[in-house]
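Numbering of the sequence shown is given in numbering that gives the first Met the number 0, commencing with residue 0 and proceeding in unit increments. A virtual CB, placed ideally from N, CA and C, is assigned to each residue, including glycine. One structure is given below, encoded as structure tokens.
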Amino acid sequence: MGRVIRGQRKGAGSVFRAHVKHRKGAARLRAVDFAERHGYIKGIVKDIIHDPGRGAPLAKVVFRDPYRFKKRTELFIAAEGIHTGQFVYCGKKAQLNIGNVLPVGTMPEGTIVCCLEEKPGDRGKLARASGNYATVISHNPETKKTRVKLPSGSKKVISSANRAVVGECQRAVEP
């Protein structure tokens with residue numbers, strides 16, 4: 000018996016429908032709030048999981064809700080080198096460490112990032128496939144713009160307020 004190829008698992012298959020039943024959910028950054036705009040918020044990586052039809056693994060990160068007495072779980076695309084139990088910091092004042100989320104305007108030139116926002120607050124649209132990364136090339140503080148090199152090799156000028164995860168996307172681990 001044959002096997003279901005990756006194209007079919009992703010949803011372009013011969014059964015005419017994407018198999019989304021076992022998908023884990025939308026992988027995106029936290030919604031921008033006061034804590035991220037002005038300081039930082041700490042989360043903890045609880046689990047690194049496989050998402051069917053996607054190469055890169057996902058990280059389950061748990062944050063305290065700053066407004067209600069509860070915890071919020073976010074699904075991030077796992078950066079290469081993060082592990083369970085690791086603290087992840089999100090926000091303008093977060094340190095430049097692998098797995099942390101901060102605005103590209105606060106990163107030095109040459110920083111490698113993944114899950115980069117195309118527009119401020121869109122929660123990550125660029126460089127999300129396994130092993131992919133974008134590179135911060137230069138900043139223009141007057142216009143608040145940052146130039147980045149995308150995985151395709153093209154260079155794009157984006158807002159310095161756009162957030163990204165530090166590090167490259169984790170590569171797929173084939174069993």
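- Excluding the 5 residues flanking it on each side, Glu35 has same chain C-beta neighbours closer than 6 Å at Cys89 and Gly90, in chain order.
- Ranked by Cα distance from Leu28, the options Lys20, Gly42 and Gly38 are led by Gly42.
- Counting along the chain, the unbroken beta strand (DSSP E) around Arg146 starts and ends at Lys144 to Lys148.
- Burial check for Leu115: the Cβ neighbour count within 10 Å reaches 16 or more, so the residue is buried.
- In the DSSP assignment, His138 falls within the unbroken beta strand (DSSP E) covering Ala133 to Asn139.
- A residue is called buried once 16 or more other Cβ atoms fall within 10 Å of its Cβ, and Asn139, having fewer, is exposed.
- Here DSSP, grouped into helix, strand and coil, assigns Phe33 to helix.
- With a 10 Å radius around the Cβ and a threshold of 16 neighbouring Cβ atoms, Leu101 comes out buried.
- Residue range Phe86 to Cys89 is occupied by the beta strand (DSSP E) that includes Tyr88.
- For Ala26, same chain residues with a beta-carbon under 6 Å away, outside a window of 5 residues either side, are Leu57, Leu74 and Ile76 in chain order.
- Contact annotation: the segment 126-143 touches the segment 152-165, with at least three C-beta pairs closer than 8 Å.
- By the beta-carbon neighbour count (other beta carbons within 10 angstroms, threshold 16), Ile157 is buried.
- Contact check for Ala133 against Lys143 fails: the beta carbons are separated by 8 Å or more.
- A straight-line Cα-Cα distance of about 24 Å links Ala78 and Gly6.
- Setting aside the 5 residues that flank it on each side, Ile136 is surrounded in the same chain by Glu108, Arg146, Val147, Lys148 and Lys154, each with a C-beta closer than 7 Å to its C-beta; the list follows chain order.
- By the CB criterion at 8 Å, Gly98 and Val112 fall outside the cutoff.
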